[in-house]
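Notes follow the structure.
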């Protein structure tokens, strides 16, 4: 049994006429007749019977017709849906990004991309999490493209630099360090830290940063994302190192610029190597890398 046989069967059942059905199917009457005979042999049931000059379904044919019709309709719907998903102009992009990119970078890039002629009807399915989440989603092919940090080199993933992210110190508004506008990391060593947990892409970077400054931080609590960290700092749990994101201004904390410049902190566009990207996803990828680099490095 094959798809063509099922299409033949439905057409013959709908028209109830061998010659007419063969013409609509762009085949010969003998070919149609042979195909239906083979289908009946395979099913071990008579599907059609003659009624004068016409052909009609038997009760077994009527039973089978319900399933064939539903299956062919579902296949047609699936074909239409798939074509829309991969359409260059109406496709769906599975787009993931880390928490720090959610307040500015990701929405800015999506808005700029959607404003370009021809991109207006392209849709996005969004995923947000930490860098470990983004790596997992990419490897499972649940997302096409992700904005993330690089936890480690992975031969299955491709990373392209989007921007460098500034790290700042945030302290409670009445903290002893709050009188400073700039500070060296060594001046933070005696104070407890609110810190990113081990699934965060910032954790290995901050560990490296503090090690370079000869600081072993006293960690009072570990969190996963920026807004939780800012909430804990605002409530005087400790100080924190965090990317300089616009939403810091919404919290009752003081932002202090670091004088130290040990290592750059990069944000990447990541994709899975040898993974098929739909025309819409490929168009988005080819747009955002040069756009972000031109915007932040000009």
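In my numbering, the protein residues as written are 6 to 303. Cβ atoms here follow ideal geometry from the backbone N, Cα and C, with glycine treated the same way. Because the structure is a prediction, the values reported are computed rather than measured.
For residue i, I'd like the list of residues in its chain whose CB is within less than 8 Å of its CB, leaving aside the five on either flank, ordered along the chain.
i, result
"residue 284", "91, 92, 93, 96"
"residue 186", "261, 262"
"residue 163", "275, 276, 277, 278"
"residue 198", "222, 223, 224, 225, 243, 244, 245, 246"
As a quick exercise: from the options, pick the residue whose alpha carbon is nearest that of residue i.
i, options, result
"residue 315", "247, 73, 18, 252", "Nothing in the structure corresponds to residue 315, since the chain is present only between 6 and 303."
"residue 293", "119, 44, 252", "119"
"residue 178", "239, 188, 148", "239"
"residue 248", "173, 73, 143, 8", "173"
"residue 233", "14, 175, 167", "175"
"residue 171", "63, 264, 282", "264"
"residue 280", "125, 146, 229", "146"
"residue 268", "215, 195, 231", "215"
"residue 144", "130, 161, 134", "161"
"residue 237", "138, 273, 200", "200"
"residue 89", "203, 54, 286, 299", "286"
"residue 184", "158, 165, 258", "258"
"residue 169", "32, 298, 48", "298"
I'd like the list of long-range same chain contacts for residue i, defined as Cβ closer than 7 Å, with 5 residues on each side in sequence excluded.
i, result
"residue 303", "Reliability fails at residue 303, whose pLDDT of 48 lies under 50, so the model's placement of it is uncertain and no value is given."
"residue 26", "16, 17, 20, 37"
"residue 251", "108, 109"
"residue 45", "51, 52"
"residue 142", "101, 132, 148, 151"
"residue 111", "102, 152"
"residue 165", "273, 274, 294"
What residues match up with residue i in a beta bridge as DSSP calls it?
i, result
"residue 273", "153, 166"
"residue 242", "Paired residues: none, contrary to the question."
"residue 99", "130"
"residue 259", "176"
"residue 61", "54"
"residue 188", "263"
"residue 227", "200"
"residue 247", "173"
Counting C-beta neighbours from all protein chains within 10 Å, is the total for residue i 16 or more, i.e. buried, or is it exposed?
i, result
"residue 319", "With the chain covering 6 to 303 only, the question about residue 319 has no answer from this structure."
"residue 266", "exposed"
"residue 193", "buried"
"residue 103", "buried"
"residue 71", "exposed"
"residue 29", "exposed"
"residue 9", "exposed"
"residue 68", "exposed"
"residue 6", "exposed"
"residue 75", "exposed"
"residue 81", "exposed"
Can you list, in chain order, the residues of its chain whose CB lies under 6 Å from that of residue i, leaving out five sequence neighbours each side?
i, result
"residue 206", "136, 154, 156"
"residue 253", "260"
"residue 59", "21, 22"
"residue 114", "293"
"residue 124", "118"
"residue 288", "none"
"residue 61", "21"
"residue 196", "244"
I'd like to check one pair, residue j with residue i: are the Cβ atoms closer than 7 Å?
i, j, result
"residue 52", "residue 66", "yes"
"residue 245", "residue 151", "no"
"residue 34", "residue 24", "yes"
"residue 210", "residue 128", "no"
"residue 148", "residue 212", "no"
"residue 132", "residue 107", "no"
"residue 235", "residue 218", "no"
"residue 73", "residue 167", "no"
"residue 231", "residue 140", "no"
"residue 13", "residue 40", "yes"
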